[in-house]
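All letters in the sequence shown, in the order written, are residues 1 to 518 by the UniProt record's numbering. Every residue gets a Cβ at the ideal spot worked out from N, C-alpha and C, and that includes glycine. In this text, all values refer to a predicted model and were calculated from it rather than measured experimentally. Below is one structure; the comments refer to it alone.
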Amino acid sequence: MGSSRDIAIGPVAVVSLLIGSLLQAEVDHVKNKEEYMRLAFTATFFAGITQAALGFLRLGFLIEFLSHAAIVGFMGGAAITIALQQLKYVLGIANFTRKTDIVSVMESVWRSVHHGWNWQTIVIGVSFLVFLLFAKYIGKKNRKLFWVPAIAPIISVILATFFVYITRADKQGVQIVKHIEQGINPSSVHKIYFTGPFVAKGFKIGVVCGIVGLTEAVAIGRTFAAMKDYQLDGNKEMVALGTMNIVGSMTSCYVTTGSFSRSAVNFMAGCKTPVSNVVMSVVVLLTLLVITPLFKYTPNAILGSIIISAVIGLVDYEAAILIWKVDKLDFIACMGAFFGVVFVSVEIGLLIAVAISFAKILLQVTRPRTALLGNLPGTTIYRNISQYPEAKLTPGVVIVRVDSAIYFSNSNYVRERILRWLTDEEDRAKALGLPKISSLIVEMSPVIDIDTSGIHALEDLYKNLQKRDMQLILSNPGSVVIEKLQASKLTEHIGSSHIFLAVSDAVRFCTTKSMQEP
C-alpha cells in the first residue's frame with residue numbers, strides 16, 4: 001500500500017521505549033499484566049487510526065518540512081545511534097543503558113570495561129564485522145561481485161551459530177538468542193478497549209506514538225527514496241502504516257513503524273522492491289513455525305555486527321560538506337538533526353530539523369530577495385548589478401526587482417526595502433551630480449501572487465513617490481497579479497500607461513518623458 005520500495009517495518013527502539021514509558025505511567029506491567037497488554041493493543045489500534053486518518057485527509061504534504069539537508073543529518077545521526085546501541089551485543093555487555101544518546105551509551109560502555117565486557121563475544125563480533133566490511137569493500141571494488149555483500153550476512157549467521165554450538169561458547173558468557181516460541185501470534189481483537197476509562201488513555205498514547213512512528217518512518221522512507229532517486233507519497237505511507245497498525249493491534253502486535261536498521265540491511269542486501277518485505281514476512285513465518293530451534297545458538301554479537309556494517313555507510317559526510325558549501329542554513333538544519341539524534345533522541349533530532357527548516361521557510365517568505373537592476377551594455381537586458389558588475393544603472397531611473405510573491409508576511413519589508421534602495425540611489429545621484437531620480441520601475445515578473453496587504457503596500461509606495469514628485473512604473477506583472485491589481489483599482493491610480501511588458505520598454509518611456517520635461 002505504501003510507495004517506499006526500501007522501508008522495512010517492525011518494532012523500533014524509539015517507539016518501543018516511548019510506548020513502554022507511556023503505558024507504565026498508566027498501568028503497572030507487573031501487577032496488572034493483562035490490563036497492560038490490553039492497553040498496549042488499544043494504543044496500537046488508535047495509533048493506526050491516527051496514521052490512516054492523516055493519510056486519508058491528504059496531509060502527506062507535512063513531510064515536505066523534512067528537507068534533504070535535515071534527512072542527511074537525521075540519517076547520519078540515526079546510523080551512529082543504532083551502531084552505538086549494538087555495542088552491547090558486540091562487547092557482550094549484559095547491563096546496558098536503555099537510553100539512546102551517545103553520552104549515556106558511552107558512559108555505560110566505559111563502566112562495563114572491567115566487569116561487563118566478554119572477550120569471547122568481542123572476538124566473534126569484531127571478526128565477523130571485519131568480514132562483513134571486507135565483503136562490502138569487495139562488492140564496491142568489483143561490480144561483478146555484487147552478490148558478495150548480499151550473501152555475507154547469511155554466511156556470517158550460519159558460521160557464527162555453528163561456531164557457538166560446537167564450542168558451547170554460551171557457557172563462557174557469549175549471549176545467544178536462546179529459545180524462541182514457535183507459532184504465530186494469537187488474535188487480540190477481544191482485548192482491545194472500545195469502552196471504559198482505558199479508551200481515552202489508549203487514544204492519548206496511540207496518537208503520540210502514531211505521530212512519532214509516522215514521522216520516523218517517513219523520514220527513513222525519504223532517506224532511501226532520495227538515495228535511489230524515486231518519489232515518496234506521504235499520504236500512501238500514512239495509510240499503509242495506519243492499516244498495518246490497525247491489523248497489528250488485532251494480532252497481538254504493538255506499534256511498529258519503519259526500522260532504520262532493517263531498512264539499511266534491506267538496502268545493503270540489494271533489495272529493489274517492496275516484495276522484499278513479503279519475502280521477509282514469509283521467511284519469518286516459516287521460521288516461527290518450523291526452524292526457530294536452529295537459531296537458539298545464534299550469538300547476539302553477529303546480529304549486532306550485521307546491523308553496524310549496514311548502517312556505517314549511511315553517514316554521508318560528503319553530502320554534509322556539499323550542503324555547507326551551498327547553503328549555510330541548510331547545514332544548520334543538517335547538523336541540528338544530526339546532533340539532536342546523537343546527543344538527545346530521534347524525536348528531538350527530527351523536531352530540531354523540522355523547526356530549523358520551518359524557520360528557514362519563514363525567513364525566506366518574510367525577507368524575500370530584492371535586486372537593483374542595471375542595463376547590460378549593447379543590449380536591452382537588465383540584470384542584477386551585484387551579479388553582473390558590468391551592468392550600468394540608468395540615470396534618473398531606479399529599477400528594483402522583487403524575487404517573491406508579495407503577501408501580508410513580507411509586504412512591509414518589500415515596501416521598506418524598495419524605499420531604501422530609492423533613498424540610497426538619490427543620495428548617490430546627488431553626491432555624483434547625476435540627474436535627479438524621477439522614476440521607480442518595479443520589475444514584477446518573479447512576483448507570482450499578491451494579496452490585499454501586498455496591494456496596500458504598493459498603494460503606500462505610490463503615495464510616497466507622489467510626495468517625492470516621482471512616478472511608479474510596473475514591469476511585467478503576471479496574469480494573477482494584474483487581475484488583482486485591476487480588481488483593487490490600483491491600476492487606475494497608477495495608470496495603465498505606467499504598466500509595461502518589459503523593463504526596456506519602461507525605461508524608454510521614463511527617459512523619453514524626462515527628456516520632454518523642461
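Does the distance from the CB of S475 to the CB of I399 come in under 9 Å? The sequence position of residue 475 within the sequence shown is 475, counting from 1. The sequence position of residue 399 within the sequence shown is 399, counting from 1. Against a cut-off of 9 Å, the Cβ pair of I399 and S475 comes out as a contact.
How many angstroms separate the CA atom of I122 from the CA atom of F134? Start at 1 with the first residue of the sequence shown, and residue 122 comes out as number 122. Start at 1 with the first residue of the sequence shown, and residue 134 comes out as number 134. Approximately 18 Å between the Cα atoms of the pair.
Taking only runs of the alpha helix (DSSP H) that begin and end inside the region 132 to 199, which ones reach a length of at least 4 residues, in chain order? 147 to 167
Report the residue from I448, T215, K140, Q387 whose alpha carbon sits nearest the alpha carbon of F74. Taking the first residue of the sequence shown as position 1, residue 74 is located at position 74. Considering only alpha carbons, the answer is T215.
Does F194 pass the burial test, meaning 16 or more other C-beta atoms within 10 Å, or should it be called exposed? For the purposes of this step, residue 194 is taken as residue 194 along the sequence shown, with counting starting at 1. With fewer than 16 Cβ atoms within 10 Å of its Cβ, F194 is classed as exposed.
Could you check if A240 is buried or exposed, using at least 16 other CB atoms within 10 Å of its CB as the buried criterion? In the sequence shown, counting from the first residue as 1, residue 240 sits at position 240. Answer is buried; the Cβ neighbour count reaches 16.
Given this structure, state the Cα-to-Cα distance separating A457 from V442, to the nearest angstrom. Numbered from its first residue, the sequence shown carries residue 457 at position 457. Numbered from its first residue, the sequence shown carries residue 442 at position 442. Roughly 13 Å between the two C-alpha positions.
Pick helix, strand or coil for P299, following the three-state DSSP scheme. The count along the sequence shown starts at 1 and reaches residue 299 at position 299. The answer is strand: DSSP assigns P299 an E or B state.
Taking only the alpha-carbon atoms, compute the straight-line gap between R420 and T452 and give it to the nearest angstrom. For the purposes of this step, residue 420 is identified with residue 420 of the sequence shown, where counting begins at 1. For the purposes of this step, residue 452 is identified with residue 452 of the sequence shown, where counting begins at 1. Computed Cα separation, rounded: 22 Å.
Classification of H190 by the beta-carbon crowding that lies within 10 angstroms, buried from 16 upward: Within the sequence shown, numbered from 1, the residue matching residue 190 stands at position 190. That one is exposed.
Spatial neighbours of D327 within its chain, please: CB distance less than 8 Å, with the 5 preceding and 5 following residues excluded, ordered by chain position. To locate residue 327, count along the sequence shown from 1; it is residue 327. Cβ within range, chain order: A69.
Which class does R468 belong to by DSSP, given the choice of helix, strand or coil? Residue numbering aside, residue 468 sits at position 468 when the sequence shown is read from its first letter. Coil at R468, not helix or strand.
With a CB to CB cut of under 7 Å and the five nearest residues on each side skipped, what residues in its chain are close to L288? The residue given as residue 288 occupies position 288 in the sequence shown. Here the set comprises Q182, G183, I184.
Here's a check: name, in chain order, each residue in its chain whose Cβ is nearer than 8 Å to the Cβ of F131, leaving out the five neighbours to either side. On the sequence shown, residue 131 is found 131 positions in, with the first residue counted as 1. Result list for F131: A152, S156, in chain order.
In whole angstroms, what is the alpha-carbon distance linking H114 and L91? For the purposes of this step, residue 114 is taken as residue 114 along the sequence shown, with counting starting at 1. For the purposes of this step, residue 91 is taken as residue 91 along the sequence shown, with counting starting at 1. Cα to Cα, H114 sits roughly 12 Å from L91.
Could you check what DSSP says for R401 in three-state terms: helix, strand or coil? Position 401 of the sequence shown, counted from the first residue, corresponds to residue 401. Looking at R401 - three-state DSSP - the assignment turns out to be strand.
Residue ranges of each alpha helix (DSSP H) within the region 222 to 250, 4 or longer: 234 to 249
Proximity to P186 [Cα-Cα], best of G173, G433, T251, L84: The count along the sequence shown starts at 1 and reaches residue 186 at position 186. Ranking G173, G433, T251, L84 by Cα distance to P186 puts T251 first.
Can you tell me whether D330 is buried or exposed? The criterion is at least 16 other CB atoms within 10 Å of its CB, across all chains shown. Taking the first residue of the sequence shown as 1, we reach residue 330 at position 330. Per the 10 Å Cβ criterion, buried.
So, do the region 506 to 513 and the region 390 to 398 have three or more beta carbon pairs nearer to each other than 8 Å? yes
What is the residue span of the beta strand (DSSP E) that N375 lies within? Counting from one through the sequence shown, the residue named residue 375 turns up at place 375. Counting along the chain, the beta strand (DSSP E) containing N375 begins and ends at 370 to 375.
Where DSSP assigns a beta bridge to L474, which residues make up the other side? Your numbering for residue 474 matches position 474 in the sequence shown. Looking at the DSSP assignment, L474 forms a beta bridge with V442, I499.
I need the DSSP call for S259, collapsed to helix, strand or coil. Translated into positions along the sequence shown, residue 259 becomes position 259. The answer is strand: DSSP assigns S259 an E or B state.
Kindly indicate which three-state DSSP category K463 falls into: helix, strand or coil? Indexing the sequence shown from 1 puts residue 463 at position 463. Helix.
Specify the secondary structure class of A69 as computed by DSSP and reduced to three states. Walking along the sequence shown from the start, residue 69 turns up at place 69. Helix.
Proximity winner among N300, Y382, R222, relative to I7 (alpha-carbon distances): In the sequence shown, residue 7 corresponds to position 7, counting from 1. It is R222.
Three-way DSSP call (helix, strand, coil) for A8 in this model: The residue given as residue 8 occupies position 8 in the sequence shown. Strand, per DSSP.
DSSP bridge partner residues for K392 (one or two, in chain order): As a working note, residue 392 is residue 392 in the sequence shown. BP columns for K392 point to N375.
Range covered by the beta strand (DSSP E) that runs through G382: Position 382 of the sequence shown holds residue 382. Contrary to the premise, residue 382 reads as Tyr rather than Gly in this sequence. Here the beta strand (DSSP E) through Y382 covers 382 to 384.
Taking A353 and L314 to be in contact with their CB atoms under 8 Å, please state how far apart those CB atoms are, rounded to whole angstroms. For the purposes of this step, residue 353 is taken as residue 353 along the sequence shown, with counting starting at 1. For the purposes of this step, residue 314 is taken as residue 314 along the sequence shown, with counting starting at 1. A353 to L314, Cβ: 16 Å. No contact.
According to the neighbour-count rule (16 or more other Cβ atoms, all chains shown, within 10 Å of its Cβ), is V247 buried or exposed? Residue mapping note: residue 247 aligns to position 247 of the sequence shown, counting from 1. Looking at its Cβ environment, which holds fewer than 16 other Cβ atoms inside 10 Å, V247 is exposed.
Per DSSP, what kind of secondary structure is I494 in: helix, strand or coil? Taking the sequence shown and counting its residues from 1, the one referred to as residue 494 is at position 494. The answer is helix: DSSP assigns I494 an H, G or I state.
With distance defined between alpha-carbon atoms, name the residue in V342, S3, I455 nearest to V414. Counting from 1 along the sequence shown, the entry for residue 414 is found at position 414. Selected option, being the one with the closest Cα: I455.
Check whether the Cβ atoms of P446 and N410 sit closer than 9 Å, and answer yes or no. As a first step, residue 446 must be located in the sequence shown, where it is residue number 446. As a first step, residue 410 must be located in the sequence shown, where it is residue number 410. Cβ distance not < 9 Å, so P446 and N410 don't count as in contact.
Return the CA-CA distance between D427 and S438, expressed in angstroms with no decimal places. The residue labelled residue 427 in the question sits at position 427 within the sequence shown. The residue labelled residue 438 in the question sits at position 438 within the sequence shown. Using only the alpha carbons, I get a separation of about 13 Å.
Neighbourhood of S276 by C-beta, 6 Å cutoff - its chain only, sequence neighbours within 5 removed: Numbered from 1 along the sequence shown, position 276 holds the residue referred to as residue 276. So the list reads N266, once near-sequence residues are dropped.
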